[in-house]
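Undergrad: Provided herewith is a single structure, encoded as structure tokens, for subsequent inquiry.
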Amino acid sequence: MTDVHADSDFDPGQSAETVSDLATRISENVERVIVGHHDAIEDIIVTLFARGHLLLEDVPGVGKTMLARAIATSIEGSFERIQFTPDLLPSDVTGVNVFNQQTSEFEFREGPVFGNVVLGDEINRAPPKTQAALLEVMEELQVTVDGVTRRVPDPFTVIATQNDVEPDRTYDLPLAELDRFMKKIHLGYPNEAEETELLGRVAGHHPIESLEPVATAADVRDARETIVAVTVSEPVRRYVSRLAADTRERAHLGVSPRGSIALIRAAQARAALDARDYVVPDDIQREVQSVWAHRIRTTGGDSGSEVVERAVEYTPVE
166 MTDVHADSDF
176 DPGQSAETVS
186 DLATRISENV
196 ERVIVGHHDA
206 IEDIIVTLFA
216 RGHLLLEDVP
226 GVGKTMLARA
236 IATSIEGSFE
246 RIQFTPDLLP
256 SDVTGVNVFN
266 QQTSEFEFRE
276 GPVFGNVVLG
286 DEINRAPPKT
296 QAALLEVMEE
306 LQVTVDGVTR
316 RVPDPFTVIA
326 TQNDVEPDRT
336 YDLPLAELDR
346 FMKKIHLGYP
356 NEAEETELLG
366 RVAGHHPIES
376 LEPVATAADV
386 RDARETIVAV
396 TVSEPVRRYV
406 SRLAADTRER
416 AHLGVSPRGS
426 IALIRAAQAR
436 AALDARDYVV
446 PDDIQREVQS
456 VWAHRIRTTG
466 GDSGSEVVER
476 AVEYTPVE
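Quick look at the structure:
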């Protein structure tokens, strides 16, 4: 784990205002396809810019796959999709060495994780062994097969969907994997006006077919470097530490240090989206639910979200 404090002389070569403008362009472009989910689109952009991964839990048919495709198209990035099923093998995710009879050598065939935006569709339909194939690449941005390590493209972000309506036909995600998702969000159903607008857009050709990029992968890499340099003052870092300690006292399994780092990075991205080069406590409070709630395990009746809510309520801001 690296130091997320950005008090340094590093020159990112880009301003927070430039990052904010980039985020606005991407968001407006995605909203040509996705109706009524502005906050969710911002959550994905924050995750993408903060070098994280996102878990979408919702009912089928609300646009989760289309949202991931629209993000990838908007940054002119490669999009890969993995349909998780009970018979999916780890090699179907990471890739496999295949013997070439013409050259008498083994050749590596890349799996679908070698993309800029990787959609793991219904990730909880696959058994834990297959889900574990994502652990290395989500944390280390690399894949090791038969002792050989290969880097995935930069930027790299996993957007996974989770089926929450058929619990008897799915597997629980291991805690180690859940902890690697920076954010977990829900889309929900559109309201009447939003669904009417959506139906009008898809009555002919689907708008995803004509969507054009408004940024490049290099733009995202530059934005990430800018966000790394967003200042996180010591009082803000102490505030996050106290919040984390509060969750550990209130829950059987509280927030890990990885979760604290994820919150800081998400807050840095949120500050940049607001055209600021420093984090304020409001950034922490705005991001803490989506970053922490899914990491917490309780033994009583409280949910992870309620534990986070109480931590925020009872932890003073310096």
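So for the sequence shown, my numbering puts the first residue at 166; every next one is plus one. For glycine and all other residues, C-beta sits at the position ideal for the given N, C-alpha and C.
Y479 by DSSP, collapsed to three states: which one?
TA: Walking along the sequence shown from the start, residue 479 turns up at place 314. In this structure, Y479 counts as helix in the three-state DSSP scheme.
Undergrad: Report the start-end ranges of each beta strand (DSSP E) in the region 331-368 that is 3 residues or longer and not cut off at the edges.
TA: Fully enclosed beta strand (DSSP E) runs of 3 or longer: 348-350.
Undergrad: Enumerate in chain order the residues of its own chain whose CB-to-CB distance from A476 is below 6 Å, with the five nearest sequence positions on each side excluded.
TA: On the sequence shown, position 311 is the one that residue 476 refers to. Result list for A476: L408, D411 and T412, in chain order.
Undergrad: Rounding to the nearest angstrom, what Cα-Cα distance links G285 and I236 in this structure?
TA: Here the question's residue 285 lines up with position 120 in the sequence shown. Here the question's residue 236 lines up with position 71 in the sequence shown. So the alpha carbons of these two residues sit roughly 14 Å apart.
Undergrad: Classify T309 as helix, strand or coil using the three-state DSSP reduction.
TA: By 1-based counting over the sequence shown, the position of residue 309 is 144. DSSP places T309 in strand when its eight states are reduced to three.
Undergrad: Which residues in the same chain as A416 place their Cβ atom closer than 7 Å to its Cβ, once the five residues preceding and following it in sequence are excluded?
TA: As a first step, residue 416 is located in the sequence shown; it is residue number 251 there, counting from the start. Taken in chain order, the residues that qualify are I461, R462, T463 and V472.
Undergrad: DSSP three-state call for R316: helix, strand or coil?
TA: By one-based count along the sequence shown, residue 316 stands at place 151. Note: R316 maps to strand in three-state DSSP.
Undergrad: State whether the region 351-360 contacts the region 246-256, with contact taken as three or more CB pairs (one from each stretch) at a distance under 8 Å.
TA: Short answer: they don't touch.
Undergrad: For V482, which residues in the same chain have their Cβ closer than 7 Å to its Cβ, ignoring the five residues on either side in sequence?
TA: For the purposes of this step, residue 482 is taken as residue 317 along the sequence shown, with counting starting at 1. Hits under 7 Å: Y404 and P446.
Undergrad: Quickly, what does DSSP pair R396 with across the bridge? List them, please.
TA: Your numbering for residue 396 matches position 231 in the sequence shown. Arg is not the amino acid found at residue 396; the sequence shown has Thr there. In the DSSP output, where bridge partners are listed per residue, T396 has Y443.
Undergrad: Would you list the residues sitting across from Q296 in a DSSP beta bridge?
TA: Your numbering for residue 296 matches position 131 in the sequence shown. In DSSP, Q296 forms no bridge with anything.
Undergrad: According to the neighbour-count rule (16 or more other Cβ atoms, all chains shown, within 10 Å of its Cβ), is P320 buried or exposed?
TA: The residue labelled residue 320 in the question sits at position 155 within the sequence shown. Buried, by the Cβ-count rule.
Undergrad: Please classify T361 as buried or exposed, where buried requires at least 16 neighbouring CB atoms within 10 angstroms.
TA: Within the sequence shown, numbered from 1, the residue matching residue 361 stands at position 196. Exposed is the call here.
Undergrad: I need the straight-line Cα distance from V323 to H218, nearest angstrom please.
TA: Within the sequence shown, numbered from 1, the residue matching residue 323 stands at position 158. Within the sequence shown, numbered from 1, the residue matching residue 218 stands at position 53. Answer to the nearest angstrom: the Cα atoms are 5 Å apart.
Undergrad: Using CA coordinates, which residue listed in D329, A181, L232 and G228 is at the minimum distance from V195?
TA: Against the sequence shown, residue 195 aligns to sequence position 30. It is L232.
Undergrad: I need the boundaries of the alpha helix (DSSP H) containing A427, first residue and last residue.
TA: Position 262 of the sequence shown holds residue 427. Per DSSP, A427 belongs to the alpha helix (DSSP H) from P422 to L438.
Undergrad: What residues match up with Q248 in a beta bridge as DSSP calls it?
TA: Mapped onto the sequence shown, residue 248 falls at position 83. Partner(s): D286.
Undergrad: How about L428: is its Cβ closer than 7 Å to a heavy atom in the ligand FAD?
TA: This structure simply doesn't include the ligand FAD, nor any ligand for that matter.
Undergrad: At what residue ranges does the region 190-266 contain a whole run of the beta strand (DSSP E), taking only runs of 3 or more?
TA: Complete beta strand (DSSP E) runs here, min 3: 219-223, 244-248 and 260-265.
Undergrad: Taking the alpha-carbon positions, what's the G419 to L338 distance?
TA: Along the sequence shown, one-based indexing puts residue 419 at 254. Along the sequence shown, one-based indexing puts residue 338 at 173. Going from the Cα of G419 to the Cα of L338 covers about 17 Å.
Undergrad: On a Cα-Cα basis, can you pick out the residue from T230, L187, A188 and R190 that is closest to L352?
TA: The residue given as residue 352 occupies position 187 in the sequence shown. Nearest of T230, L187, A188 and R190 to L352, Cα basis: T230.
Undergrad: Less than 8 Å between the beta carbons of F346 and H459, yes or no?
TA: What you label residue 346 is simply residue 181 of the sequence shown in a count that begins at 1. What you label residue 459 is simply residue 294 of the sequence shown in a count that begins at 1. Yes, these two residues count as a Cβ contact at 8 Å.
Undergrad: In whole angstroms, what is the alpha-carbon distance linking V198 and L428?
TA: On the sequence shown, residue 198 is found 33 positions in, with the first residue counted as 1. On the sequence shown, residue 428 is found 263 positions in, with the first residue counted as 1. Looking at the two C-alpha atoms, the distance is approximately 29 Å.
Undergrad: By DSSP's criteria, R415 is part of a beta bridge. Which residues make up the other side?
TA: As a first step, residue 415 must be located in the sequence shown, where it is residue number 250. Bridge partners of R415: none, in fact.
Undergrad: Can you tell me which residues form a DSSP beta bridge with R389?
TA: Counted from its first residue, the sequence shown places residue 389 at position 224. For R389, which the question treats as bridged, DSSP gives no partner whatsoever.
Undergrad: Classify Q327: buried if its beta carbon has 16 or more other beta carbons within 10 angstroms, exposed otherwise.
TA: Taking the sequence shown and counting its residues from 1, one reaches residue 327 at position 162. Classification for Q327: buried.
Undergrad: DSSP three-state call for V278: helix, strand or coil?
TA: Reading the sequence shown from its first residue, position 113 is the one you call residue 278. Three-state DSSP puts V278 in coil, outside helix and strand.
Undergrad: Sorted by chain position, which residues of the same chain lie with C-beta nearer than 6 Å to S486's C-beta, five sequence neighbours on each side aside?
TA: The question about residue 486 has no answer here: the residues shown for the chain are numbered 166 through 483.
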